[in-house]
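> First the structure, which I've put down as structure tokens, then a few questions once you've had a look.
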Amino acid sequence: MSAADREKLESTTRYDPAEVEARIFAEWVEGGYFHPEAEGAPEENFSVAIPPPNVTGALHMGHALNGSMQDALVRMNRMRGKNTLWILGTDHAGIATQAVVEKGLRAEGKSRQELGREAFVERVWEWKAEYGSRIVEQYKRLGASCDYERERFTLDQDYVRAVYRVFKQLYDKGYIYRDNYMVNWDPGSHSAISDLEVENREVEDALFSIDYPVEGSDRVLTVATVRPETMLADTAVAVNPGDGRYADLVGQHCVLPLVGRRIPIIADEHVDIEFGTGALKITPGHDPNDFEIGRKHGLEEIGVIGPDGRMTEEAGRFAGLTAAEAQVAVVEALREEGRLRAEEPYVHSVPFSHRSGERIEPLISLQWFCRMDELAKPAIEVVERDQVRIAPGQWKRVYLDWMREIRPWCVSRQLWWGHRIPVWYCDACEETIVAEQAPERCGSCGGELRQEEDVLDTWFSSAIWPFATLGWPDDTPELRAFYPTSFLTTAREILFLWVARMIMTGIEFAGDVPFRDVYVHSVIQARDGRRMSKSLGTGIDPLEEIDVHGADALRFGLLAMSSTQDVRFSDAKVQQGNDLANKLWNASRLILLNTAAVEAAPRPTCVEDRWILSRLERTIASVTARLESYDFAHAVGEAYSFFWRDLCDWYLEIAKPRLYDGEEEVSATLLYALERVLGLLHPVMPFVTEEIWSFHPSYRGHLVVHAFPVADEALIDEAAEADVEGGIGLTQRLRAWRDMVDVPAASVLAARVEGVEPPEFVARLARFEFELDGGDPVASIGPVRVLASEQLDAEAVAARLEKRREELRSEVERGERKLGNEKFVAKAPAEVVEEERGKLERYRAELEELA
RNA sequence: GGGCGUUUAGCUCAGUUGGGAGAGCGCCAGCUCGACAAGCUGGAGGUCACUGGUUCGAGCCCAGUAACGCCCACCA
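Going by my numbering, the first residue of the first sequence is number 5, and it counts up by one from there.
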């Protein structure tokens with residue numbers, strides 16, 4: 005070791021992540037370790053596609069957790085020598101990005117309409133150039149070993165080409181079509197959104213009952229509605245065909261109050277006889293159910309609410325009012341006409357836009373849709389047959405249930421930022437052309453073409469992420485080397501939105517599933533159990549955690565708190581990671597500054613050596629298996645407890661005298677153990693392990709590409725484990741006894757051993773001297789007979805003795821009771837009964853000895 | 001309206017095939033022992049939500065109840 009290194013190790017008693025992390029990360033990037041050549045086959049390579057974060061986004065705890073999981077597996081496989089690619093990129097995030105830039109424009113007193121489409125899109129690109137790399141930089145802070153040289157963006161030229169290819173092929177297959185259909189209109193983003201972007205919330209509204217007079221009769225039909233303003237667009241009243249009360253009215257007409265339109269009374273199964281009066285107003289233009297019923301019965305579709313949320317000309321005297329204002333006015337007018345029968349509070353669930361937070365306005369609108377049923381079929385089969393494995397198991401069923409009920413996907417958005425739909429219209433001959441590249445003129449009549457104004461849903465482009473990032477539709481080396489990817493970890497909230505769609509498009513376009521494994525991880529909640537959310541102010545910033553504790557600490561903490569169930573964010577776990585990094589540093593200092601100049605190798609000379617090597621190899625096997633099965637919490641927990649408890653608390657303390665003596669064997673063994681611990685922990689805590697490794701005498705190159713440890717079965721030694729663990733147990737009992745009889749911590753107590761000689765370290769660590777004769781023992785702990793001395797307080801010793809007797813009596817009683825139960829002896833397995841007998845005997849023997 | 005999940009120490013969570021309840025943090029007591037006080041040693045602390053059942057034996061299996069949470073769903 006160089007003098008400078010020695011000086012640094014000697015003087016640095018605390019690990020300082022802030023000093024280390026940026027430097028180490030730069031070394032990794034400079035070494036090109038994250039940038040694989042596109043060689044080999046997917047089966048032997050290892051690849052992952054990051055869930056592309058929104059270009060507007062900032063790293064949140066979900067990214068940090070998911071990133072920690074992916075990086076752990078990516079790094080482990082890279083260390084195993086696999087050609088490893090972690091594809092990174094960002095998502096153009098149509099609505100979110102457009103909203104951010106529009107907000108900026110508004111601050112300048114401008115609007116996107118003033119700017120015009122082209123200038124606005126230009127403006128968004130400028131914004132992207134300036135702020136779009138923020139989240140990528142934040143992933144670097146986390147230590148994510150993505151291939152930053154292959155960074156992709158969903159609006160890159162090549163990516164756009166892939167999107168257009170997909171659109172065109174789906175169109176040619178007849179899956180994509182344009183239709184006037186009921187959509188979820190988001191007044192906030194002025195666009196249609198898909199069903200998956202709608203969330204239902206409980207809302208307290210008023211339920212109004214309105215009398216609709218039956219034409220040519222004194223009778224009225226009373227309908228109930230929470231949206232009286234939509235009655236202006238009613239085109240029927242429906243009753244259940246089995247409802248005797250109204251059987252005679254079906255086929256007749258009502259006269260729509262305020263409007264005077266004749267509307268038919270129809271019969272439809274959908275109507276619930278029990279609800280209200282059993283009569284349902286039908287508004288095909290503004291209610292999804294009514295829309296279905298309307299289409300079934302061929303009803304007229306009238307729209308009275310426009311895309312701007314205001315009443316249209318169709319609303320007559322209410323035109324120009326907002327829907328909310330119109331509701332007040334319509335109710336007032338109905339009351340004046342004596343048509344309002346009742347108004348009562350009513351709690352029901354209402355759709356809101358997940359994007360803008362505004363209440364969805366169901367509208368009929370001309371949109372592009374994609375049929376999903378045919379695409380879903382093979383995507384269902386691959387999951388049924390476990391060609392794509394979804395874990396934990398319950399999510400497989402959730403996926404399948406949803407896929408089996410899949411409905412057409414509204415893929416058009418009334419935005420400017422995004423993939424403009426590759427459709428051109430010829431006004432002259434009404435031709436519609438779908439093409440991957442803009443055609444010059446209309447192929448039929450040579451007329452001028454205009455491109456579709458709408459853009460595609462952002463998720464349409466994310467759906468092809470795993471292969472579009474690799475260069476599809478071209479047959480690229482990347483695609484051949486890294487598709488299908490190895491696995492996907494994800495939050496469940498995008499299981500349908502993203503995961504399902506990737507599976508469908510992967511099979512359809514890339515000819516194979518996009519990944520073999522999907523691991524659905526838990527959601528980290530705020531400390532108080534609420535959702536972490538920006539709007540609630542409950543978010544915890546991962547960057548702040550990294551600033552304070554280091555990336556390793558956060559990564560460890562997140563993996564430690566992760567689970568299959570949702571968990572609250574635990575500062576303690578991050579602190580634990582922080583402490584572990586420091587402990588690694590300090591234990592390494594002890595080893596590196598004191599070992600003799602020898603090759604790292606397992607060179608056991610005593611039972612303790614064989615024990616720690618055995619524990620080490622077991623830990624490697626177990627932690628590896630845990631990581632491979634996505635059981636991150638147990639993986640890091642086991643690594644932690646092996647390192648801290650077994651290696652530091654016991655082995656290092658046991659080995660210190662030999663270490664200080666400069667013994668070669670213990671030096672070699674310790675260097676070996678350290679090397680393997682660093683390798684094992686590197687996927688979880690890459691920075692501190694890499695930093696320590698640079699001081700290790702075996703260092704020949706960066707740990708990031710050092711061989712990942714493989715458990716050496718030959719070093720497993722059960723006998724050594726039993727012996728040393730017995731010694732540890734005895735040491736703990738001796739220490740506890742000392743503490744209870746209140747002897748000074750530093751004093752060495754006299755004792756002798758009767759029976760099996762415990763390992764050497766027991767006396768030393770428990771501060772006893774064993775090889776003494778003389779006098780009657782005052783206490784007995786296992787084979788150890790404590791001798792009287794002036795350090796011992798006779799009363800305390802006696803009190804302790806009595807307490808022990810008490811414990812033993814109750815143990816003996818318990819054992820006797822259990823073994824006295826004939827049914828237990830008869831029915832329990834023989835080894836369980838034997839074990840009980842053994843215990844009882846031991847307790848009896850000890851009690852007798854103490855009597 | 002369906003489906004799923006959760007309920008274990010003061011807090012956050014583990015508990016593998018049913019065989020004497022665990023971790024981390026916190027708490028109490030004691031330690032400047034030649035890596036680390038972000039440390040070391042010892043200790044206290046639990047009717048495993050509730051009720052019934054199966055079993056020699058249940059935190060774990062079965063039935064039900066309650067509370068909380070999530071997802072899906074076209075009852076106005």
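Glycine included, C-beta positions come from ideal geometry on N, C-alpha and C.
Quick caveat, the model's predicted, so the values are computed rather than measured.
Measure the C-alpha to C-alpha separation of Gly778 and Gln795 and round it to an integer number of angstroms.
About 16 Å.
> Let me confirm a value: Val836 is counted as buried when at least 16 other C-beta atoms fall within 10 Å, else exposed. Which label applies?
By the neighbour-count rule (16 or more Cβ atoms within 10 Å), Val836 is not buried but exposed.
> State the CB to CB distance for the pair Ile696 and Trp741, rounded to an integer number of angstroms; the pair is presumed to be in contact (CB under 8 Å).
Actually they do not touch by this definition, with Cβ atoms about 38 Å apart.
> I need the straight-line Cα distance from Thr17 to Arg10, nearest angstrom please.
One C-alpha to the other measures close to 12 Å.
> I need the DSSP call for Asp727, collapsed to helix, strand or coil.
Correct three-state label for Asp727: helix.
> Could you tell me the alpha carbon to alpha carbon distance between Leu453 and Ala439, rounded to whole angstroms?
Going from the Cα of Leu453 to the Cα of Ala439 covers about 12 Å.
> Decide if Lys144 is buried, meaning its Cβ has at least 16 other Cβ atoms within 10 Å, or exposed.
Lys144 should be labelled buried.
> Write down every uninterrupted run of the alpha helix (DSSP H) in the region 438 to 480 whose length is 4 residues or greater and which is fully enclosed by it, in chain order.
Counting whole runs of 4 or more residues, the region 438 to 480 contains the alpha helix (DSSP H) stretches 462 to 466, 469 to 472.
> Across which residues does DSSP place Phe772 in a beta bridge pair?
Note: Phe772 sits in a beta bridge opposite Leu753.
> On the three-state DSSP scale, how would you describe Gly733?
Gly733 falls in the helix class under three-state DSSP.
> On the three-state DSSP scale, how would you describe His301?
The answer is helix: DSSP assigns His301 an H, G or I state.
> Would the beta-carbon of Leu259 fall within 9 Å of that of Ala271?
First, the amino acid is wrong: residue 259 is Val here, not Leu. Not a contact, by the Cβ cut-off of 9 Å.
> Is the beta carbon of Val170 closer than 9 Å to that of Ile498?
The answer is no: Cβ separation not under 9 Å.
> Is the beta carbon of Gly280 less than 9 Å from the beta carbon of Val227?
Cβ distance < 9 Å, so Gly280 and Val227 count as in contact.
> How would you write the range of the beta strand (DSSP E) that Arg182 sits in, first residue to last?
From DSSP, the beta strand (DSSP E) with Arg182 extends over 180 to 190.
> Taking Phe636 as part of the alpha helix (DSSP H), name the residues at either end of that continuous run.
Residues 636 to 645.
> Quick check: Glu689 and Ala605, are their CB atoms within less than 9 Å of each other?
In the sequence on display, residue 689 carries Met and not Glu. No, these two residues do not count as a Cβ contact at 9 Å.
> Express the C-alpha separation of Phe356 and Glu347 in angstroms, rounding to a whole number.
Spanning the two alpha carbons is a distance of roughly 24 Å.
> Hey, would you say Gln371 sits closer than 9 Å to Asp176, going by beta carbons?
The answer is no: Cβ separation not under 9 Å.
> Can you name the start and end residues of the beta strand (DSSP E) that Leu92 belongs to?
88 to 94 is the span of the beta strand (DSSP E), which, as asked, contains Leu92.
> Between which residues of its own chain and Glu512 is the CB-CB distance below 7 Å, once the five residues before and five after are set aside?
Contacts found: Leu379.
> With a 10 Å radius around its C-beta and 16 neighbouring C-beta atoms as the bar for buried, classify Asp222 as buried or exposed.
The residue in question, Asp222, is exposed, as its Cβ has fewer than 16 Cβ neighbours within 10 Å.
> Quick test of your reading: Val602 and Glu668, contact by CB under 8 Å. State the CB separation rounded to the nearest angstrom.
Confirmed, Cβ separation roughly 5 Å.
> Hey, could you find the ends of the beta strand (DSSP E) Ser195 is sitting in?
From DSSP, the beta strand (DSSP E) with Ser195 extends over 195 to 197.
> Going by beta-carbon coordinates alone, are Asp75 and Ser137 separated by less than 9 Å?
No, the Cβ-Cβ distance between Asp75 and Ser137 is not below 9 Å.
> How close, in whole Å, do the beta carbons of Ile214 and Leu338 come, if the pair is a contact with beta carbons under 8 Å?
Indeed they touch by this definition, with Cβ atoms about 6 Å apart.
> With respect to the beta strand (DSSP E) encompassing Gln371, which residues constitute its N-terminal and C-terminal limits?
Run containing Gln371: 365 to 374, per the beta strand (DSSP E) assignment.
> Beta carbon of Asp820, beta carbon of Leu844: below 9 Å?
Looking at the sequence shown, residue 820 is not Asp but Glu. It is a contact, given that the beta carbons lie within the stated cut-off.
> Can you give me the C-alpha to C-alpha distance between Trp420 and Glu130, rounded to a whole angstrom?
Computed Cα separation, rounded: 15 Å.
> Where does His67 sit, in a helix, a strand or coil, going by DSSP?
Looking at His67 - three-state DSSP - the assignment turns out to be helix.
> Between Leu225 and Ile269, what straight-line distance do the alpha-carbon atoms span, to the nearest angstrom?
Their backbone Cα atoms lie some 10 Å apart in a straight line.
> Can you tell me which of the three DSSP states Cys414 falls into?
Of the three classes helix, strand and coil, the one that applies to Cys414 here is strand, per DSSP.
> Between Arg484 and Ala42, what straight-line distance do the alpha-carbon atoms span, to the nearest angstrom?
Between Arg484 and Ala42, the C-alpha separation is close to 8 Å.
> Does DSSP classify Gln331 as helix, strand or coil?
Here Gln331 sits in helix by DSSP.
> What residue range does the alpha helix (DSSP H) around Val140 cover?
Looking at the DSSP string, the run of the alpha helix (DSSP H) that includes Val140 is 138 to 146.
> Given a threshold of 16 other Cβ atoms within 10 Å of its Cβ, counted over all protein chains shown, does Ser539 qualify as buried or as exposed?
When all chains shown are included, Ser539 counts as exposed.
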